[in-house]
Structure formats: structure tokens, C-alpha cells
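Student: For the numbering used here, count along the sequence shown from 1 and bump the result up by 2.
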Amino acid sequence: MFEFDPYSPAVDAEPFALYRILREEHPCFWSEPAQMWVLSRYDDIVTALSDWKTYSSARGNLMTELPGRAGATLGTTDPPRHDRLRGLIQHAFMRRNLEGLAMPMRAIARECAEALDGRPQFDFIEDFASKFTVRVLFAALGLPLGDEATVRDKAVLMVQSDPQTRAKGPQHIAAYEWMTEYAAKVIAERRRDPQDDLISHFSAAEIDGDRLDEREVLLTTTTLIMAGIESLGGFMAMLGLNLADHDQARDTVVANPAVLPDAIEESLRFNTSAQRFRRCLQRDIELHGMAVRAGQFVCLAYGSGNRDDRRFPQPDVYDIERKPRGHLGFGSGVHACLGAAIARMATKIAFEEFLKVLPRFGRASQPLQWMPSSTFRSPLQLVLERI
Ligand code: HEM
Numbered sequence: 003m004f005e006f007d008p009y010s011p012a013v014d015a016e017p018f019a020l021y022r023i024l025r026e027e028h029p030c031f032w033s034e035p036a037q038m039w040v041l042s043r044y045d046d047i048v049t050a051l052s053d054w055k056t057y058s059s060a061r062g063n064l065m066t067e068l069p070g071r072a073g074a075t076l077g078t079t080d081p082p083r084h085d086r087l088r089g090l091i092q093h094a095f096m097r098r099n100l101e102g103l104a105m106p107m108r109a110i111a112r113e114c115a116e117a118l119d120g121r122p123q124f125d126f127i128e129d130f131a132s133k134f135t136v137r138v139l140f141a142a143l144g145l146p147l148g149d150e151a152t153v154r155d156k157a158v159l160m161v162q163s164d165p166q167t168r169a170k171g172p173q174h175i176a177a178y179e180w181m182t183e184y185a186a187k188v189i190a191e192r193r194r195d196p197q198d199d200l201i202s203h204f205s206a207a208e209i210d211g212d213r214l215d216e217r218e219v220l221l222t223t224t225t226l227i228m229a230g231i232e233s234l235g236g237f238m239a240m241l242g243l244n245l246a247d248h249d250q251a252r253d254t255v256v257a258n259p260a261v262l263p264d265a266i267e268e269s270l271r272f273n274t275s276a277q278r279f280r281r282c283l284q285r286d287i288e289l290h291g292m293a294v295r296a297g298q299f300v301c302l303a304y305g306s307g308n309r310d311d312r313r314f315p316q317p318d319v320y321d322i323e324r325k326p327r328g329h330l331g332f333g334s335g336v337h338a339c340l341g342a343a344i345a346r347m348a349t350k351i352a353f354e355e356f357l358k359v360l361p362r363f364g365r366a367s368q369p370l371q372w373m374p375s376s377t378f379r380s381p382l383q384l385v386l387e388r389i
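Shown next as C-alpha cells:
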């Protein structure tokens with residue numbers, strides 16, 4: 003009998019064949035081990051994401067939630083509370099003028115890429131993507147220099163779960179608590195001495211006299227640290243992997259860097275690092291003949307919707323000419339990724355500089371090991387070699 007457990011390590015390693023069976027044979031599937039429904043077809047996921055009244059985020063959106071997050075952050079609230087938070091946070095993003103980050107981002111990318119020059123083999127994640135994303139995030143948020151390595155390690159631990167049980171273990175909770183205390187300290191400093199950075203702007207953001215309270219600033223800051231480091235770093239690893247595995251795409255991008263944005267969009271479709279999120283049903287519905295009940299959790303497999311041939315012809319082919327409009331790499335609906343513009347800009351700049359130093363590279367033969375997470379999918383290590 004077919005089984006699909008979104009919390010199983012086997013799914014991290016190879017989800018796509020299972021997704022196909024789900025889409026074709028069980029479009030609304032009850033996963034007994036996970037005790038939740040799984041939606042895998044593109045149209046069903048988009049419909050769910052456009053109907054937050056039925057598919058609520060208020061009991062958490064990550065497949066394994068962190069304590070205290072559900073109902074309190076941008077990603078874990080429904081309108082109207084969500085709209086209010088999103089408006090205030092967007093306001094802060096506008097004031098920071100993220101375009102102004104392009105120059106410092108390029109300088110950071112160049113420095114990280116040049117450090118690889120002359121090395122025949124390196125870990126793309128440890129030696130490039132992580133270094134780059136952490137430094138960019140520190141610049142955007144205004145975190146004090148010197149703490150980069152610890153903040154990165156804690157952020158990575160926060161999104162992971164126990165490899166076997168998939169529950170958050172004491173080390174993951176401890177990392178989250180450390181991050182909360184760390185963010186609280188930085189916020190207090192910025193309140194005393196505001197700068198042109200996102201944390202200062204969150205604290206000051208105001209719309210019609212309404213402001214984020216202290217807890218909201220804190221939770222927003224920890225969410226952005228997690229998203230900035232892990233989502234962006236994980237995605238860059240997937241793009242690095244795709245270019246390493248597809249020589250022709252890599253050579254095309256090197257010959258004409260103007261097509262890099264197309265390779266980025268196709269990677270967001272083909273094997274995005276943000277694979278599965280969760281919603282909680284608010285009313286009884288019937289879907290594909292199944293009775294889905296209020297109060298039950300539903301896993302939305304964005305990574306599967308992106309491989310649905312009803313939407314994307316030949317979905318298992320990585321084709322940088324595809325221009326996959328409407329992919330789910332950044333989600334969709336009211337919770338669509340707030341960092342999409344900055345993530346696209348940062349990835350483009352990072353790869354432009356990386357490919358200048360390393361125009362030809364391939365994957366060293368080590369098999370990949372995947373991060374223990376049921377929401378995000380990216381390798382723990384990606385050893386590349388110059389060819
Ligand atoms: C390429 C890297 C990234 C990917 C693939 C990604 C993906 C996503 C996805 C799929 C969602 C929707 C979650 C859901 O439906 O519940 C999301 C939400 C979000 N992302 Fe990203 N993200 C990336 C980078 C970033 C960055 C760099 C930031 C911050 C600077 C960020 C901030 C957020 C926030 C705040 C939300 C919640 C939005 C809301 O609920 O209104 N993301 N992201």
C-alpha cells in the first residue's frame with residue numbers, strides 16, 4: 003500500500019517520485035504517520051493559498067513549529083492581524099531602501115568568491131553561500147559584526163528537527179532561545195541608538211499611529227534571521243547544485259550572465275529549498291472525494307505543485323529557458339514571501355561574482371546528505387571542484 007510521510011528522512015532525499023504518485027493517484031492524501039492531509043497538485047495548492055479563511059496559518063506554517071511562534075508572527079497569523087504586521091514590516095523594508103544594499107552585497111560576494119580562487123575543491127555551502135548570506139543579513143538587519151559564525155550555527159539549528167522523530171529536540175529549542183535573547187539585546191541597543199537598518203526601522207515603523215509592540219519586533223527579527231540565513235543559503239545551495247549537475251545550463255549562464263535570473267526562477271520551480279508548509283483547516287470540506295475536517299492539518303507540497311505537468315510541461319527537466327510563471331518557490335497568496343525581491347537580488351549578485359572566479363565547476367562525487375527538516379530541503383554539504 004502506498005505511504006507518504008512528509009516527516010520521513012527518505013522524503014528529504016528523494017521526494018519527487020513520491021510526489022508524482024500523490025498527484026496522479028492520491029491528490030488529497032491522508033498520511034497516517036503524520037496525521038495530516040497532503041495536497042500535491044498545483045491548482046489545489048494555489049486554491050488553498052488563496053483561501054486563508056479555510057486554510058489558516060494561525061496554528062503554524064512550518065511543518066514542525068517552534069514554541070511560541072504559532073499565532074504570533076507574519077507567517078503564522080491570518081488577516082486582519084497578518085495584514086497589519088505585513089503592512090508595518092513592509093514599511094520598514096521600504097525605509098531601509100534595499101536597492102541600496104546592492105553595492106555592499108557585490109563587494110561581499112566578490113570577497114567570498116575570491117577567497118575560493120586557487121582551491122581545487124571546496125564546500126560551496128560552508129565556504130561561499132553561508133559566508134555570503136550571513137554577511138548580507140548582518141548588513142541588512144544591522145547586527146553587530148563579530149557574531150556571524152554563532153548566529154549562523156544557531157539559525158541553521160533552529161530550522162532543523164531530530165533526524166528520526168522529526169520533533170524539535172532540546173538542542174533546537176535551545177538554539178531558538180539563544181536567538182531570541184540575542185535579538186532582544188540587539189533590539190534594545192537599536193532602540194537606544196537607531197541606525198539605518200531593518201531592526202531600527204521595525205522598532206520605529208508606524209502606520210496611522212499603530213506600531214509593532216516589543217514582542218512583535220522580537221519575533222519579526224528572529225523570523226528574518228532564520229529566513230535570511232536558512233532560506234537564502236539553502237536556495238543558493240540548490241542553484242549551485244543545479245548548475246553543477248547541468249553543464250549546458252552552467253555554460254549558458256557563464257557565456258551570458260543576463261540569463262542568470264531565468265536560471266534562478268527555474269531553480270525555484272525545479273527543486274526549491276522551501277518544499278512543504280502547513281495549514282490548519284477551519285471548516286469541513288470535500289476534496290477529490292475525501293472528507294477533510296475542521297481542525298485537521300494540511301501539508302501543502304509546494305515542491306510537488308512545481309512539478310505538476312498540468313501546469314509545467316516536462317516538469318522533471320531543468321530548463322533555464324522555461325520562464326516558469328507562477329511557480330510556488332516563494333509561495334502564493336497573502337503569505338507569499340516578503341523577502342522575494344531581496345532574495346532574487348542577492349542570489350543574482352552572488353552567482354555573478356562566483357561564476358567570474360569559477361566559470362567551470364562540477365560536483366565532487368560524494369553522495370549528498372540532506373538537512374533534517376520537513377519544511378526545507380537543501381544539502382548539508384555541497385563539495386564542488388574546479389574542472
Ligand atoms: C530564495 C530564498 C527564499 C525562499 C525560497 C523563500 C520562500 C518562502 C516561502 C515559500 C514562503 C511562504 C511560506 C508559507 O506559505 O507559509 C515565505 C515566506 C516568507 N519569507 Fe521567504 N524565502 C526566501 C528568502 C527570504 C528572505 C531573504 C527573507 C527576508 C529577508 C524572507 C522572508 C519571508 C517572510 C517574512 C515570510 C512570511 C510572509 C508572510 O507570511 O506574509 N524570505 N518564504
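Don't be surprised by glycine CBs; every beta carbon is placed ideally from N, CA and C.
What did DSSP end up calling Asp119 once you bin it into helix, strand or coil?
Tutor: Asp119 falls in the coil class under three-state DSSP.
Student: In terms of DSSP beta bridges, what is Val385 paired with?
Tutor: In DSSP, Val385 forms a bridge with Asp125.
Student: Any heavy atom of the ligand HEM closer than 6 Å to the beta-carbon of Ser202?
Tutor: Checking every heavy atom of the ligand HEM against the Cβ of Ser202, none is found closer than 6 Å.
Student: Please go through the same chain and pick out, in chain order, the residues whose beta-carbon is closer than 6 Å to the beta-carbon of Leu20, but skip the five residues on each side of it.
Tutor: Contacts found: Phe6.
Student: Could you pull out every residue in the same chain whose Cβ sits closer than 8 Å to the Cβ of Ile389, ignoring the five residues on either side in sequence?
Tutor: Closer than 8 Å at the Cβ level, and outside the excluded window around Ile389, lie Arg362, Phe363 and Gly364.
Student: Assign Phe4 to one of two classes, buried (16 or more other C-beta atoms within 10 Å of its C-beta) or exposed (fewer than that).
Tutor: Result: exposed.
Student: Using DSSP bridges, identify the partner residues of Leu283.
Tutor: In DSSP, Leu283 forms a bridge with Tyr57.
Student: Could you check whether the Cβ of Phe237 sits closer than 6 Å to any heavy atom belonging to the ligand HEM?
Tutor: Result yes, Cβ under 6 Å from the ligand HEM.
Student: With a floor of 3 residues, list each beta strand (DSSP E) that falls wholly inside the stretch 19–103, ordered by position along the chain.
Tutor: Listed in chain order, they are 30–33 and 38–41.
Student: Output needed for Val255: all residues of its chain with C-beta closer than 8 Å, excluding positions within five of it in sequence on either side, in chain order.
Tutor: Taken in chain order, the residues that qualify are Leu245, Val261, Leu262, Ala265, Ile322, Phe353 and Leu357.
Student: Please indicate yes or no: does the CB of Asn63 lie closer than 6 Å to some heavy atom of the ligand HEM?
Tutor: Yes.
Student: Whose C-alpha, out of Pro374, Phe378, Leu360 and Arg25, is nearest the C-alpha of Pro122?
Tutor: The shortest C-alpha separation from Pro122 is found at Leu360.
Student: For Asp264, does the three-state DSSP call read helix, strand or coil?
Tutor: In this structure, Asp264 counts as helix in the three-state DSSP scheme.
Student: Put Arg154 into one of helix, strand or coil per three-state DSSP.
Tutor: Three-state DSSP puts Arg154 in a helix.
Student: For Gln37, which option in Cys301, Asp253, Ala109 and Ala94 has the closest C-alpha, if you only look at C-alpha atoms?
Tutor: For the residues Cys301, Asp253, Ala109 and Ala94, the minimum Cα distance to Gln37 belongs to Cys301.
Student: Checking 7 Å against the spacing of the C-beta atoms, do Arg112 and Glu355 come in under that value?
Tutor: A contact, by the Cβ cut-off of 7 Å.
Student: Could you work out which residue in Val136, Val385 and Phe95 is closest to Glu232 when comparing CA atoms only?
Tutor: Minimum Cα distance to Glu232 is reached at Val136.
Student: Contact defined as beta carbons within less than 8 Å: I believe Gln284 pairs with Ala303. What is the distance between those atoms, to the nearest angstrom?
Tutor: 20 Å between Cβ atoms; not a contact.
Student: Is Gly242 close to the ligand HEM? I mean its beta-carbon at under 6 Å from any heavy atom of the ligand.
Tutor: No; taking the cut-off as 6 Å, the Cβ of Gly242 has no heavy atom of the ligand HEM nearer than that.
Student: The beta strand (DSSP E) spanning Gly364 covers which residue range?
Tutor: Residues Phe363 to Arg365.
Student: What residue does the alpha helix (DSSP H) around Leu243 start on, and which one ends it?
Tutor: Segment Leu234 to Asp247, the alpha helix (DSSP H) holding Leu243.
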